[in-house]
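Visitor: Okay, so the sequence shown: first residue is 1 according to full-length UniProt numbering, each after it adds one. Ideal placement from N, C-alpha and C gives every residue a C-beta, glycine not left out. Please find one structure pasted underneath; my questions will follow.
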Amino acid sequence: MQKLYNFGPHKLCENQVFYKSKFCIGLVNLKPITPGHVMVIPRRIVPRFAEMTSDEATDMILSAQTIGKVIEKEFDATSLTMAMQDGPQAGQTVPHVHMHIIPRKAGDWANNDDIYDELDGKQAAGVKRVDNDERKPRSIDEMKEEAEKLRPFFNQHED
């Protein structure tokens with residue numbers, strides 16, 4: 001039987017997870033805004049960043065750094081956007097701390113900061129973008145394939 005991980009109220013299959021550290025996991029995104037858009041979350045359900053332990057917060061940042069290096073290379077990016085929406089008024093829609101790691105390339109958005117509107121699901125600067133509700137969710141097989149591609153790049157902490 002496949003292990004399940006909690007992401008707020010959602011259950012994630014192990015085949016969506018490509019990275020495991022002591023306190024965090026890296027997972028592929030159901031509705032990525034770019035190819036290679038992944039997330040890192042604490043294993044424990046923690047609604048807000050300030051509620052994480054020091055060990056969890058440190059591990060999350062170091063995990064994001066480790067994951068980001070691979071994502072940037074594997075998706076031919078030149079930069080990364082790393083974003084955390086901490087609380088409902090900041091745009092957090094799942095009550096579980098998560099950091100988006102999004103590969104970036106020159107000219108991918110006309111206005112660099114429009115990516116934050118896209119994360120919030122808003123229309124950016126007159127550009128018609130597909131918001132979170134309109135983005136088609138990927139299939140389990142698509143997410144599994146991406147996780148399998150990424151998994152060999154990382155040492156895995158055993159559960």
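Which ranges does the alpha helix (DSSP H) cover as unbroken runs of at least 4 residues, wholly within the UniProt domain "HIT" (4-111), from first to last along the chain?
Guide: Note on the UniProt domain "HIT" (4-111): whole alpha helix (DSSP H) runs with a minimum of 4 residues are 54-74, in chain order.
Visitor: Find the nearest neighbour of Leu62 within the set Pro47, Pro95 and Tyr19, judged by alpha-carbon distance.
Guide: Comparing alpha carbon positions, the residue from Pro47, Pro95 and Tyr19 closest to Leu62 is Tyr19.
Visitor: Give every residue of the same chain whose Cβ lies closer than 6 Å to the Cβ of Cys13, excluding the five residues on either side of it in the sequence, and list them in chain order.
Guide: So the qualifying residues of the chain are Gln2.
Visitor: So what's Glu158 in DSSP terms, helix, strand or just coil?
Guide: Glu158 falls in the coil class under three-state DSSP.
Visitor: Select from Thr66, Tyr5, Ala106 and Gln16 the residue whose C-alpha is nearest the C-alpha of Ser139.
Guide: Gln16
Visitor: Determine the DSSP secondary structure at Glu142, reduced to helix, strand or coil.
Guide: helix
Visitor: CB Asn6 to CB His96, shorter than 9 Å?
Guide: yes
Visitor: Excluding sequence positions up to five away, which residues of its chain have a Cβ less than 6 Å from the Cβ of Ile115?
Guide: Thr81 and Trp109
Visitor: Ends of the alpha helix (DSSP H) at Asp117?
Guide: Asp114 to Asp120
Visitor: Given that a residue counts as buried once 16 or more other Cβ atoms are within 10 Å of its Cβ, and exposed if not, what is Gln85?
Guide: By the Cβ-count criterion, Gln85 is buried, with 16 or more other Cβ atoms from all chains shown falling within 10 Å of its own Cβ.
Visitor: Identify which residue in Asn112, Val94 and Ser21 has its Cα closest to the Cα of Gln156.
Guide: Ser21
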